[in-house]
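Enquirer: Letter 47 of the sequence shown, counting from 1, is numbered 47 in UniProt numbering, and no numbers are missing. We put the CB at the ideal spot given by N, CA and C, even for glycine.
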Amino acid sequence: MDQVVRWGIIGAGGIARRRTIPALNLISNAQVTAVMDKNEQVLEELREEFGIEYGYTQEAQLLENPDVDAVYIASPVAFHKDQARRVLDAGKHLLIEKPVAMDGRETKELSDYAAGKGLCAGVGMLMRFHGGHMRIKELLREGILGDIVSCRAQLTCWFPKMEGNWRQIKAISGGGALMDMGIHCIDLLRYLLDDEVEKVCGMADHRTFDYEVEDSVSAVLRMHKGAACYIDANFNIPDDAAHCPLEIYGTKGSIIASGTIGQDGKGEILLTLSDSDKGYESSQVRSESGGAQKLDFEHVNMYARQLEEFSNCILNSLPPRTPLTDAVKTMRVVDAIYRSSSEERTVYLKENAW
Ligand SMILES: NC(=O)c1ccc[n+]([C@@H]2O[C@H](COP(=O)([O-])OP(=O)(O)OC[C@H]3O[C@@H](n4cnc5c(N)ncnc54)[C@H](O)[C@@H]3O)[C@@H](O)[C@H]2O)c1
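(1) Should residue 175 be listed as close to ligand 1, given that the test is whether its C-beta is under 7 Å from any heavy atom?
(2) Taking the beta carbon of residue 177 as the centre, do at least 16 other beta carbons fall within 10 Å, making it buried, or is it exposed?
(3) Tell me whether the segment 334 to 343 and the segment 95 to 104 touch, counting them as touching only if at least three CB pairs, one residue from each stretch, are closer than 8 Å.
(4) Run the CB neighbour count on residue 94, radius 10 Å, all protein chains shown included, and call it buried at 16 or more, exposed below.
(5) Could you work out which residue in 244, 310, 306, 90 is closest to residue 154 when comparing CA atoms only?
(6) Which residue wins for smallest C-alpha separation from residue 330, given the options 197, 83, 92?
(7) Where do the ends of the alpha helix (DSSP H) carrying residue 313 lie?
(8) Assuming residue 10 and residue 75 form a contact by the criterion Cβ under 8 Å, report the distance between their Cβ atoms to the nearest whole angstrom.
(9) Look at the alpha carbon of residue 307 and the alpha carbon of residue 284, and state the distance between them as a whole number of angstroms.
(10) Looking at C-alpha atoms only, which residue of 4, 233, 327 is the closest neighbour of residue 203?
(11) What residues match up with residue 251 in a beta bridge as DSSP calls it?
(12) Taking contact to mean 3 or more Cβ pairs, one atom from each stretch, closer than 8 Å, check whether the segment 32 to 42 and the segment 64 to 81 are in contact.
(13) Rounded to whole angstroms, what's the CA-CA distance from residue 23 to residue 303? Just pull it up for me.
(14) List, from N- to C-terminal side, the alpha helix (DSSP H) runs of 4 residues or more that fit wholly inside the segment 59 to 109.
(15) Using a 10 Å radius around the Cβ and a threshold of 16 neighbouring Cβ atoms, would you call residue 18 buried or exposed?
(16) Going by CA-CA distance only, name the one from 79, 151, 206, 297 that's closest to residue 130.
(17) So for residue 218, helix, strand or coil by DSSP?
(18) What residues in its chain sit with their C-beta under 6 Å from that of residue 184, if we drop five residues either side in the sequence?
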């Protein structure tokens with residue numbers, strides 16, 4: 001392979017068209033060679049808009065093309081697993097959009113299938129590439145907040161009923177706000193804290209819209225090292241009312257981010273450090289700003305950063321930032337939250353026998 005990865009895209013008309021293809025055009029170690037979509041009009045428009053060499057309506061055509069080294073899958077979730085297996089069978093590297101599959105078991109099956117193929121196989125967990133999140137991860141690794149005791153991560157959008165929309169049909173999406181958005185919050189907290197979930201208590205509800213999947217989800221995740229993490233995701237909060245907070249509290253301070261969980265790589269992050277050696281103060285005085293300092297971070301195109309790094313992994317036989325084995329861990333948490341909600345009890349991750 002040259003020093004450029006030639007990408008093919010399956011399911012090219014949504015996020016791929018809005019973000020991934022433009023991002024691939026910004027980086028030097030990758031290019032878009034072929035697109036495949038069920039929608040012929042989308043294909044024509046894409047090829048014209050981006051000057052893409054090959055356009056197909058059948059996956060097999062794209063997978064037979066020797067000019068394609070790696071495939072990015074961004075089709076509706078129900079198609080992911082089979083498409084991904086065919087990509088691996090064709091000997092192509094694989095980057096698949098979240099959620100990898102319909103549930104944890106399917107994700108594990110795919111991860112096992114990929115193991116031993118000698119290919120780079122990972123999932124697009126974009127929040128890991130946000131410049132601010134990368135800065136937070138560094139600070140947490142240095143132990144700046146002491147023992148992490150409590151966290152919150154939220155992602156929301158306004159998503160009213162749209163007849164025939166696949167995200168609102170359980171058999172195609174696998175679920176609603178949790179599968180689509182909450183999954184980012186779970187993955188991000190696992191990544192930032194470098195910790196795994198031990199047990200969960202969750203509620204997935206139909207509050208506002210009468211489609212099949214939940215429009216609201218909240219859950220408390222107990223991590224192995226002890227932190228209690230609250231995640232929430234909603235399809236029923238207006239976009240202009242959303243702040244998508246990320247909050248991390250430890251025994252030596254806190255990090256409070258606003259608007260970093262999202263697609264644009266921006267937002268604001270405040271760091272507050274405190275003297276944890278001091279004694280109890282009955283007045284519990286908190287200054288207005290709390291002595292918070294604004295954290296600088298690089299505003300990057302997260303899609304470009306993710307694709308550049310993934311392409312580099314392919315070119316240099318390195319493991320991707322989020323391999324499929326890692327995606328299995330997040331999907332197990334998703335499964336546990338749904339189970340906790342339906343059985344109205346705390347669910348331990350170890351209850352999953354597989
Ligand atoms: N990481 C992110 O920022 C992000 C953002 C949005 C979506 N996503 C993920 O990307 C995936 C796609 O979501 P979307 O919003 O782009 O959906 P979308 O409905 O906007 O686009 C999906 C595209 O797939 C095509 N398609 C439908 N069935 C197909 C099939 N069987 N084979 C090939 N193509 C098919 C459709 O014609 C359409 O062009 C989902 O897994 C979603 O969760 C990720």
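Expert: Quick answer:
(1) Residue 175: no, Cβ never under 7 Å from ligand 1.
(2) buried
(3) Two segments are said to touch when three or more pairs of C-beta atoms, one from each, lie closer than 8 Å; by this definition the segment 334 to 343 touches the segment 95 to 104.
(4) buried
(5) Nearest to residue 154 by alpha-carbon distance, out of 244, 310, 306, 90, is 244.
(6) 197
(7) 302 to 316
(8) Indeed they touch by this definition, with Cβ atoms about 6 Å apart.
(9) 47 Å
(10) 233
(11) DSSP lists no partner for residue 251.
(12) yes
(13) If you take the alpha carbons of residue 23 and residue 303, they lie about 6 Å apart.
(14) 59 to 64, 77 to 89
(15) exposed
(16) 297
(17) strand
(18) 127, 155
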